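Residue numbers (the numbering used here): 567 to 997. Every residue gets a Cβ at the ideal spot worked out from N, C-alpha and C, and that includes glycine. Just so you know, these numbers come straight off a predicted model, no measurement behind them. Structure first, commentary second.
Okay, here's the thing in structure tokens:
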């Protein structure tokens, strides 16, 4: 492939991170959690709102986890990774657009639309991630993965800045309307900036296993799912990494999802919360690239360890959080490691995955993050509701970082890559 065409494909792939990160910033992290509290306050207590938002996240993650492995197996069988990405992305876009109609008292509708939007967002990401081994050269995967996250920081940050300005400078009687327009703007942004991927990235070739040629795709999908549980035993280090990722990403995801709701409950004003999140977006850009560079110098695993130490400190600091300055310090710490932790995890996993089963195995990557990921918000919500205080919920997240880091020490990266390469070579010989 000529260099110019290769760069165009890579840029188109990374642009989808720019597109869908608007959902992660405006909907998941910043504006919707605060607006959720505003529309729920007439009927729910402050602590109930925090807990219900946590439960909403857990339900979304559970549903995503149930469908991801099945769709991943079917995507490989049908060769429809790009098509399934499109279906899920459009579903998320439509759900997000309907958030414009949320008004006071509609907290249950807000939860429902968020769950649907989150399914679209996360479901599309399964197939987005599975495209990476097909479009990137082996030696470029780390840097391309971090480039995607960096693009996400920029794209999500730009729209969040626009939305923040719309809300801050609106007259009081128009604040709610500007908030609803901000929510709907995510749908437009997501749709428009997905176009480069649709135009420039081809559907990867279909991978049909022996005996599947005349099979029903649903039956073949379920069969592949069952076979993967057996097959995963051949990839011991990959499986260990999944468990490690399952644990530490649960803590990371919970901090990201609950930050504004937690800060709002403590009493930090909404403008300060959103401004800090906006700063996080742009501060995170150079650090995302820095971790891509660091991984080449000291190794991917060691780089991930550094992020987990920082996240452990963040969960401890969150317990003592009491003002906007504290929130800004912790936000800066998150910005330092968020992109690095997630991008390097994705690229490390990608190197240990057989290409012929990339969507199927990346669906397990999703399950290990999404199914297990429901427990972080669930624990946070339960602790918050049982003790009437969310501080114990935030500090309890340190358990996820410590146990995840310990499991990661058992992963032999080089061995995992070698096993995947041998599987690909065998698949080519049998083709």
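Candidates the options: which alpha carbon is nearest residue i's?
i            : options            : result
residue 797  : 752, 920, 730, 827 : 920
residue 931  : 599, 605, 636      : 636
residue 731  : 693, 953, 840      : 840
residue 986  : 899, 953, 916, 815 : 916
residue 891  : 645, 838, 846      : 838
residue 529  : 887, 883, 922, 877 : The structure shown does not extend to residue 529, since the chain is modelled only from 567 to 997, so the question has no answer here.
residue 656  : 670, 607, 755, 748 : 755
residue 572  : 861, 703, 761, 727 : 703
residue 741  : 767, 601, 804      : 601
residue 632  : 852, 767, 918, 692 : 692
residue 1055 : 808, 724, 814      : Here the chain covers residues 567 to 997 and nothing more, so residue 1055 does not appear.
residue 816  : 943, 715, 708      : 943
residue 713  : 855, 757, 771, 725 : 855
residue 965  : 669, 612, 882      : 882
residue 789  : 926, 698, 726      : 926
residue 853  : 716, 994, 651      : 716
residue 729  : 955, 819, 598      : 598
residue 899  : 723, 912, 875      : 875
residue 690  : 651, 873, 698, 948 : 651
residue 645  : 724, 768, 634      : 768
Rounded to the nearest angstrom, how far is the Cβ of residue i from that of residue j, given a contact under 8 Å?
i           : j           : result
residue 793 : residue 603 : So it is not a contact: roughly 45 Å between Cβ atoms.
residue 750 : residue 977 : Not quite, the Cβ-Cβ distance comes to about 43 Å (not below 8 Å), so this is no contact.
residue 617 : residue 836 : With 8 Å as the limit, residue 617 and residue 836 do not qualify as a contact, their Cβ atoms being about 19 Å apart.
residue 960 : residue 885 : 6 Å
residue 620 : residue 946 : 5 Å
residue 982 : residue 918 : 4 Å
residue 762 : residue 581 : 5 Å
residue 662 : residue 593 : 6 Å
residue 979 : residue 887 : Residue 979 to residue 887, Cβ: 36 Å. No contact.
residue 679 : residue 666 : In fact, because the Cβ distance is near 10 Å, the residues do not count as touching under 8 Å.
residue 880 : residue 860 : Not really, about 19 Å apart at Cβ, beyond 8 Å.
Please confirm whether residue i and residue j have their CB atoms less than 9 Å apart.
i            : j           : result
residue 812  : residue 907 : no
residue 696  : residue 647 : yes
residue 579  : residue 701 : yes
residue 630  : residue 676 : no
residue 843  : residue 622 : no
residue 894  : residue 845 : yes
residue 745  : residue 615 : no
residue 626  : residue 685 : yes
residue 721  : residue 583 : yes
residue 1022 : residue 585 : An answer regarding residue 1022 cannot be provided, because it is not within the stretch 567 to 997 covered by the chain.
residue 628  : residue 824 : no
residue 904  : residue 850 : yes
residue 673  : residue 605 : yes
residue 974  : residue 807 : yes
residue 587  : residue 683 : no
residue 862  : residue 708 : yes
residue 998  : residue 752 : Here the chain covers residues 567 to 997 and nothing more, so residue 998 does not appear.
residue 726  : residue 659 : no
residue 868  : residue 989 : no
residue 624  : residue 909 : no
residue 577  : residue 954 : no
residue 912  : residue 668 : no
Closer than 9 Å, CB to CB, is residue i near chain D or not?
i           : result
residue 591 : As a matter of chain content, chain D is missing from the structure shown, which is built from one protein chain.
Extract the residue ranges of the alpha helix (DSSP H) inside the stretch 584 to 649, only unbroken runs of 4 or more that lie entirely within it. 597 to 606, 612 to 644
Length at least 4, wholly inside the stretch 798 to 867: the alpha helix (DSSP H) runs in chain order: 802 to 832, 836 to 864
Counting only runs of 3+ residues fully inside the stretch 876 to 948, write out the beta strand (DSSP E) ranges in chain order. none
Can you give, in chain order, each stretch of the alpha helix (DSSP H) that sits fully within the stretch 640 to 711 and has at least 4 residues? 647 to 663, 673 to 701
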